[in-house]
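Asks: Protein chains in written order, with my numbering: chain A, 280 to 611; chain B, 280 to 611. Every residue, glycine too, gets a C-beta built ideally from N, C-alpha and C. Because the structure is a prediction, the values reported are computed rather than measured.
There are 2 protein chains.
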Amino acid sequence: MQAETPTLDDVARLAGVSANTASRVVRNKGSIAAATRERVHAAIDTLGYVPNRAAGSLASSSSMIIGVILPSLSNIVFPEVLRGIHAGLAGTPYQPMIGVTDYDLGKEQQLISSLLAWQPAAIITTGFDHTDSARRMLEGSGIRVGELMDIDGTPIDIAVGLSHRMAGKAMARRLIERGYTKVGYVGHDWTDDRRANARYLGLCEGLAEAGHTLAAEERGHDASSTRAGRAALAKLLAQDVKLDAVAFSNDDMAVGGFMHCLAGEISVPNELALMGFNGLEIGQSLPKPLSTILSNRFAIGKTAVELLLQAGRSSDPQIIDTGFSLLDGATT
Amino acid sequence: MQAETPTLDDVARLAGVSANTASRVVRNKGSIAAATRERVHAAIDTLGYVPNRAAGSLASSSSMIIGVILPSLSNIVFPEVLRGIHAGLAGTPYQPMIGVTDYDLGKEQQLISSLLAWQPAAIITTGFDHTDSARRMLEGSGIRVGELMDIDGTPIDIAVGLSHRMAGKAMARRLIERGYTKVGYVGHDWTDDRRANARYLGLCEGLAEAGHTLAAEERGHDASSTRAGRAALAKLLAQDVKLDAVAFSNDDMAVGGFMHCLAGEISVPNELALMGFNGLEIGQSLPKPLSTILSNRFAIGKTAVELLLQAGRSSDPQIIDTGFSLLDGATT
DNA sequence: TTCTTTTATCTCAGCGCTAACATTATCTCT
DNA sequence: AGAGATAATGTTAGCGCTGAGATAAAAGAA
Numbered sequence: 280m281q282a283e284t285p286t287l288d289d290v291a292r293l294a295g296v297s298a299n300t301a302s303r304v305v306r307n308k309g310s311i312a313a314a315t316r317e318r319v320h321a322a323i324d325t326l327g328y329v330p331n332r333a334a335g336s337l338a339s340s341s342s343m344i345i346g347v348i349l350p351s352l353s354n355i356v357f358p359e360v361l362r363g364i365h366a367g368l369a370g371t372p373y374q375p376m377i378g379v380t381d382y383d384l385g386k387e388q389q390l391i392s393s394l395l396a397w398q399p400a401a402i403i404t405t406g407f408d409h410t411d412s413a414r415r416m417l418e419g420s421g422i423r424v425g426e427l428m429d430i431d432g433t434p435i436d437i438a439v440g441l442s443h444r445m446a447g448k449a450m451a452r453r454l455i456e457r458g459y460t461k462v463g464y465v466g467h468d469w470t471d472d473r474r475a476n477a478r479y480l481g482l483c484e485g486l487a488e489a490g491h492t493l494a495a496e497e498r499g500h501d502a503s504s505t506r507a508g509r510a511a512l513a514k515l516l517a518q519d520v521k522l523d524a525v526a527f528s529n530d531d532m533a534v535g536g537f538m539h540c541l542a543g544e545i546s547v548p549n550e551l552a553l554m555g556f557n558g559l560e561i562g563q564s565l566p567k568p569l570s571t572i573l574s575n576r577f578a579i580g581k582t583a584v585e586l587l588l589q590a591g592r593s594s595d596p597q598i599i600d601t602g603f604s605l606l607d608g609a610t611t
Numbered sequence: 280m281q282a283e284t285p286t287l288d289d290v291a292r293l294a295g296v297s298a299n300t301a302s303r304v305v306r307n308k309g310s311i312a313a314a315t316r317e318r319v320h321a322a323i324d325t326l327g328y329v330p331n332r333a334a335g336s337l338a339s340s341s342s343m344i345i346g347v348i349l350p351s352l353s354n355i356v357f358p359e360v361l362r363g364i365h366a367g368l369a370g371t372p373y374q375p376m377i378g379v380t381d382y383d384l385g386k387e388q389q390l391i392s393s394l395l396a397w398q399p400a401a402i403i404t405t406g407f408d409h410t411d412s413a414r415r416m417l418e419g420s421g422i423r424v425g426e427l428m429d430i431d432g433t434p435i436d437i438a439v440g441l442s443h444r445m446a447g448k449a450m451a452r453r454l455i456e457r458g459y460t461k462v463g464y465v466g467h468d469w470t471d472d473r474r475a476n477a478r479y480l481g482l483c484e485g486l487a488e489a490g491h492t493l494a495a496e497e498r499g500h501d502a503s504s505t506r507a508g509r510a511a512l513a514k515l516l517a518q519d520v521k522l523d524a525v526a527f528s529n530d531d532m533a534v535g536g537f538m539h540c541l542a543g544e545i546s547v548p549n550e551l552a553l554m555g556f557n558g559l560e561i562g563q564s565l566p567k568p569l570s571t572i573l574s575n576r577f578a579i580g581k582t583a584v585e586l587l588l589q590a591g592r593s594s595d596p597q598i599i600d601t602g603f604s605l606l607d608g609a610t611t
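#1: Here's the rule I'm using: 16 or more other beta-carbon atoms within 10 Å means buried, otherwise exposed. How should residue 354 of chain A be labelled?
#2: On the DSSP bridge assignment, give the partners of residue 498 of chain B in chain order.
#3: My understanding is that residue 422 of chain B touches residue 400 of chain B, with C-beta atoms under 8 Å, so please give their C-beta distance in whole angstroms.
#4: Quick test of your reading: residue 473 of chain A and residue 580 of chain A, contact by CB under 8 Å. State the CB separation rounded to the nearest angstrom.
#5: What whole-angstrom Cβ distance do residue 492 of chain B and residue 533 of chain B have, given they're in contact under 8 Å?
#6: Using beta carbons (cut-off 8 Å, strictly below), is residue 467 of chain A in contact with chain B?
#7: Roughly how many angstroms lie between the CA atoms of residue 569 of chain A and residue 558 of chain A, to the nearest whole one?
#8: Please state whether DSSP places residue 460 of chain A in a helix, a strand or coil.
#9: Run through chain B and tell me which residues come within less than 7 Å of residue 653 of chain A, C-beta to C-beta.
#10: Do the segment 319–331 of chain B and the segment 284–301 of chain B meet, that is, are 3 or more Cβ pairs less than 8 Å apart?
#11: Report the start-end ranges of each alpha helix (DSSP H) in the segment 345–393 of chain B that is 4 residues or longer and not cut off at the edges.
#12: If contact is defined by three or more beta carbon pairs under 8 Å, each pair taking one atom from either stretch, is the segment 314–323 of chain B in contact with the segment 535–549 of chain B?
#13: Counting along the chain, where does the alpha helix (DSSP H) carrying residue 515 of chain B start and finish?
#14: For residue 454 of chain B, which option in B/490, B/545 and B/424 has the closest C-alpha, if you only look at C-alpha atoms?
#15: Excluding the five sequence neighbours on either side, which residues of its own chain have a C-beta within less than 6 Å of the C-beta of residue 600 of chain B, listed in chain order?
#16: When we look at the beta-carbon of residue 365 of chain A and count the other beta-carbons within 10 Å, is it buried (16 or more) or exposed?
#17: Expressed to the nearest angstrom, what Euclidean distance is found between the alpha-carbon atoms of residue 451 of chain A and residue 383 of chain B?
#18: Whole angstroms are fine: how far does the CA of residue 585 of chain A sit from the CA of residue 367 of chain A?
#19: Could you check whether the segment 297–304 of chain A touches the segment 292–312 of chain B, counting it as contact only if at least three pairs of C-beta atoms, one from each stretch, sit closer than 8 Å?
#20: If you measure between the beta carbons of residue 410 of chain B and residue 385 of chain B, is that distance less than 8 Å?
#21: Can you grab the Cα-Cα spacing for the pair residue 483 of chain B / residue 449 of chain B, in whole Å?
#22: Please specify which runs of the alpha helix (DSSP H), each continuous and at least 4 residues long, are wholly inside the segment 387–453 of chain B, giving them in chain order.
#23: State the DSSP-derived secondary structure class of residue 281 of chain B, mapped to helix, strand or coil.
#24: Would you say residue 459 of chain A and residue 524 of chain A are within 8 Å of each other, going by their C-beta atoms?
#25: Looking only at its own chain, which residues have a Cβ that is under 6 Å from the Cβ of residue 349 of chain A, when we skip the five neighbours before and after it?
#26: So within the segment 280–324 of chain A, which uninterrupted alpha helix (DSSP H) runs reach at least 4 residues, ignoring any that extend past its ends?
#27: Along chain A, which residues have their Cβ under 7 Å away from the Cβ of residue 560 of chain B?
#28: Note down, in chain order, each residue of its chain lying with its Cβ closer than 8 Å to the Cβ of residue 445 of chain B, except the 5 sequence neighbours on either side.
#29: Restricting to runs no shorter than 4 residues, where is the alpha helix (DSSP H) found entirely within the segment 515–563 of chain B?
#30: Just the C-alpha distance for residue 470 of chain A and residue 477 of chain A, rounded to the nearest angstrom, thanks.
#31: What residue range does the alpha helix (DSSP H) around residue 482 of chain A cover?
#32: Taking the straight line between their C-alpha atoms, what separation do you get for residue 554 of chain A and residue 499 of chain A?
#33: Among B/461, B/305 and B/475, which has the Cα closest to the Cα of residue 515 of chain B?
#34: Going by beta-carbon coordinates alone, are residue 377 of chain A and residue 347 of chain A separated by less than 8 Å?
#35: Closest Cβ-Cβ distance between residue 365 of chain A and chain B: below 8 Å?
#36: In whole angstroms, give me the CA-to-CA distance for residue 361 of chain A and residue 576 of chain A.
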């Protein structure tokens, strides 16, 4: 088909300018005469020139890559963050390069190292937990770093997210407000998920402030899923502690719990109130919309990208609280 | 912190070899004396050397990037394919660079162009529909190309997926088998989603083979979601055609339909049978597991990557059928 | 032993682009 | 009109790595 991929030199020759001028037109940098710009663009079109990013990156020691490190893809939450990142990147020449850690800090470190090999413009990861080595790499790289989802900590550069402790507390307050006092908790395995843990602690704190404590709890040994939520609620209720409400580690688990109630003919919220976290679409489509707390995943991703692309790293870290809101629902 | 990022030259100097030898050790290519290899590795460790991918790509005119183009991230299906891709890439030096088209072939073409600027090792996209220009770029690039999800077409290089027509037919057969004859259809807006369309056609074909036709249908104007499914089923039933079963365009829609039945006290499957497509976890956690067809998303992604990394592009295209299986469920 | 093959390494040029500086033409201000 | 600023372009030297071929040392074959 096409003989050879055309290079900037080919474009420059056809347009009758130097390679550097052509490069400046492509990058829209420096001052260029309108006529020259047009001729170069015409040459680009006729040749179908596409810049070689590797060469550009090498020469400038910086690339149009945004490294994105996510803990998981199994849960719809992170794809939604990714969607926000994409939205923020739309119309820019940046491309996301993604990695998945499975909540393993060692893998994260490895990913950071291999992403830095591309000299990305920025790296986006989650939370404040990193290995020492990973933190050093991120700090030393000088590039912009976004730590998403959480804001209860000290960011390397910027953090965008919400306070999971506060969200947990808000769950507690909501339940108390509605008159529930015998509150149980159902969680997935969050040994590696600091944020779920923070919500749990916030919940306990909120209950304590009202003079209560968790009446019972059940934590599975699996990742969060509707299946796991269903099973865990069954187990919790089998403990035979009298409960009037259950708080779940997230909506997936809560939806599972709702399914258990449906199957077992437990009336929600009369016999048992349910509360989740995340505000997933599925929870709002249940026969009774799930009472939950909306985390703004899409906004987190989008906001982070926009801020990261705005300017170079500033001296002091920045925290952006994207907040959360209570979804009233009908399960409490 | 670290003075300067160490280069291959630094490693070579410390190990007392030439840069090229060091490079060969890093890439594990050519024959190297065991002692040399060790010395180089030691040097790499002490310096904390990380290869500059941009330089490598430029010199070799090929990169360790796998371009991944997905139609959407809103539906859990594609993140699962991506998960499969990740799984297949684990332990290799390849990194996925992803783009999202929102089912827009123009955007796909643009993404292909900008991904090719990185000289990726392979490009993975979905389906057989591409603009002429996109197809030409993919063919002309000479790199390996994976077209995922569908197998009813002629691939550029390899296609990995399942026959959506056959899946639709299987839905029809299943419903007929169970004695349902007044079958309705609920779909999302699939003007840009050829595969949902193919399943619809397969369904009609399957019904026709048994001497039946679709008794009623309702197609929304939104993307698929539980909410949309719930609303669309309500609308379908309002048509006041006597139905004994409804086939949905996918599980999200079907779960929404199930919710409608729960809320409206329509007994499933006695009064109305429901059937979905995809085999999502949520469907299997309903009080009555959803009857559906399992598409092997994870396997599609993983298989594709494994095949693409195996060797260069062969002369003739290849089709890999990852198949589908019926999940019996309790809603038919 | 001498010639050939194999193994292990080195030298050198260059991938396609951009940063930095040099140069020329065009203004602006006194 | 001459000095200095500004705009528009050109020249040069790499960025850090890899491919191709050259070379030297070790091993086998005749």
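Replies: If we stick to the structure as given:
#1: Taking the first residue of the first sequence as 1, we reach residue 354 of chain A at position 75. With a threshold of 16 other beta carbon atoms within 10 Å, residue 354 of chain A meets it and is buried.
#2: Taking the first residue of the second sequence as position 1, residue 498 of chain B is located at position 219. Beta-bridge pairing links residue 498 of chain B to B/466.
#3: Indexing the second sequence from 1 puts residue 422 of chain B at position 143. Indexing the second sequence from 1 puts residue 400 of chain B at position 121. Indeed, because the Cβ distance is near 7 Å, the residues count as touching under 8 Å.
#4: To locate residue 473 of chain A, count along the first sequence from 1; it is residue 194. To locate residue 580 of chain A, count along the first sequence from 1; it is residue 301. With 8 Å as the limit, residue 473 of chain A and residue 580 of chain A do not qualify as a contact, their Cβ atoms being about 19 Å apart.
#5: Counted from its first residue, the second sequence places residue 492 of chain B at position 213. Counted from its first residue, the second sequence places residue 533 of chain B at position 254. Not a contact, Cβ separation roughly 21 Å.
#6: As a position in the first sequence, residue 467 of chain A is number 188, starting the count at 1. So, not an interface residue.
#7: Counting from one through the first sequence, the residue named residue 569 of chain A turns up at place 290. Counting from one through the first sequence, the residue named residue 558 of chain A turns up at place 279. Rounded to the nearest angstrom, the two C-alpha atoms are 8 Å apart.
#8: Looking up residue 460 of chain A in the first sequence gives position 181. It is coil, neither helix nor strand.
#9: A question about residue 653 of chain A goes unanswered here, because the residues of chain A that appear run from 280 up to 611.
#10: Yes: the two stretches touch, three or more of their Cβ pairs being nearer than 8 Å.
#11: Along the segment 345–393 of chain B, the alpha helix (DSSP H) occurs as fully enclosed runs of 4 or more residues at 356–368, listed in sequence order.
#12: Under the 8 Å Cβ criterion, the segment 535–549 of chain B does not count as touching the segment 314–323 of chain B, having fewer than three qualifying pairs.
#13: The residue given as residue 515 of chain B occupies position 236 in the second sequence. Per DSSP, residue 515 of chain B belongs to the alpha helix (DSSP H) from 505–517.
#14: Indexing the second sequence from 1 puts residue 454 of chain B at position 175. Per the Cα distances, B/490.
#15: In the second sequence, residue 600 of chain B corresponds to position 321, counting from 1. The answer, listed in chain order, is 430.
#16: Residue 365 of chain A sits at position 86 when you count from the first residue of the first sequence. Buried, by the Cβ-count rule.
#17: Mapped onto the first sequence, residue 451 of chain A falls at position 172. Mapped onto the second sequence, residue 383 of chain B falls at position 104. Rounded to whole angstroms, residue 451 of chain A to residue 383 of chain B spans 44 Å at the Cα level.
#18: Start at 1 with the first residue of the first sequence, and residue 367 of chain A comes out as number 88. Start at 1 with the first residue of the first sequence, and residue 585 of chain A comes out as number 306. Taking the straight line joining both Cα atoms gives about 6 Å.
#19: When Cβ pairs closer than 8 Å are counted between the two stretches, the segment 297–304 of chain A is seen not to touch the segment 292–312 of chain B, the count staying below three.
#20: The sequence position of residue 410 of chain B within the second sequence is 131, counting from 1. The sequence position of residue 385 of chain B within the second sequence is 106, counting from 1. In this structure, residue 385 of chain B lies closer than 8 Å to residue 410 of chain B by Cβ.
#21: Locating residue 483 of chain B in the second sequence gives position 204, where the first residue counts as 1. Locating residue 449 of chain B in the second sequence gives position 170, where the first residue counts as 1. Residue 483 of chain B and residue 449 of chain B: Cα-Cα distance of roughly 11 Å.
#22: You should have 411–420.
#23: Position 2 of the second sequence, counted from the start, is the residue given in the question as residue 281 of chain B. Legend: pLDDT at residue 281 of chain B = 45, less than 50; position of this residue unreliable, value from coordinates given subsequently. Three-state result, residue 281 of chain B: coil.
#24: Indexing the first sequence from 1 puts residue 459 of chain A at position 180. Indexing the first sequence from 1 puts residue 524 of chain A at position 245. Taking 8 Å as the Cβ cut-off, residue 459 of chain A and residue 524 of chain A qualify as a contacting pair.
#25: Taking the first residue of the first sequence as 1, we reach residue 349 of chain A at position 70. For residue 349 of chain A, the CB contacts under 6 Å within the same chain, skipping 5 residues up- and downstream, are 357 and 379 in chain order.
#26: Complete alpha helix (DSSP H) runs here, min 4: 287–294 and 298–306.
#27: Taking the first residue of the second sequence as position 1, residue 560 of chain B is located at position 281. The answer, in chain order, is 504, 505 and 506.
#28: Mapped onto the second sequence, residue 445 of chain B falls at position 166. So the list reads 481 and 603, once near-sequence residues are dropped.
#29: The qualifying runs are 530–543 and 560–563.
#30: Working through the first sequence from its first residue, we reach residue 470 of chain A at position 191. Working through the first sequence from its first residue, we reach residue 477 of chain A at position 198. Residue 470 of chain A and residue 477 of chain A have their C-alpha atoms some 11 Å from each other.
#31: Locating residue 482 of chain A in the first sequence gives position 203, counting from the first residue. For residue 482 of chain A, the enclosing alpha helix (DSSP H) begins and ends at 473–488.
#32: Stepping through the first sequence from its first residue, residue 554 of chain A is reached at position 275. Stepping through the first sequence from its first residue, residue 499 of chain A is reached at position 220. Near 17 Å, if we compare the C-alpha coordinates of residue 499 of chain A and residue 554 of chain A.
#33: Taking the first residue of the second sequence as position 1, residue 515 of chain B is located at position 236. Of B/461, B/305 and B/475, the smallest CA-CA separation from residue 515 of chain B is found for B/461.
#34: Residue numbering aside, residue 377 of chain A sits at position 98 when the first sequence is read from its first letter. Residue numbering aside, residue 347 of chain A sits at position 68 when the first sequence is read from its first letter. Contact: yes.
#35: Position 86 of the first sequence, counted from the start, is the residue given in the question as residue 365 of chain A. Residue 365 of chain A counts as touching chain B.
#36: In the first sequence, counting from the first residue as 1, residue 361 of chain A sits at position 82. In the first sequence, counting from the first residue as 1, residue 576 of chain A sits at position 297. Cα to Cα, the separation comes out at about 9 Å.
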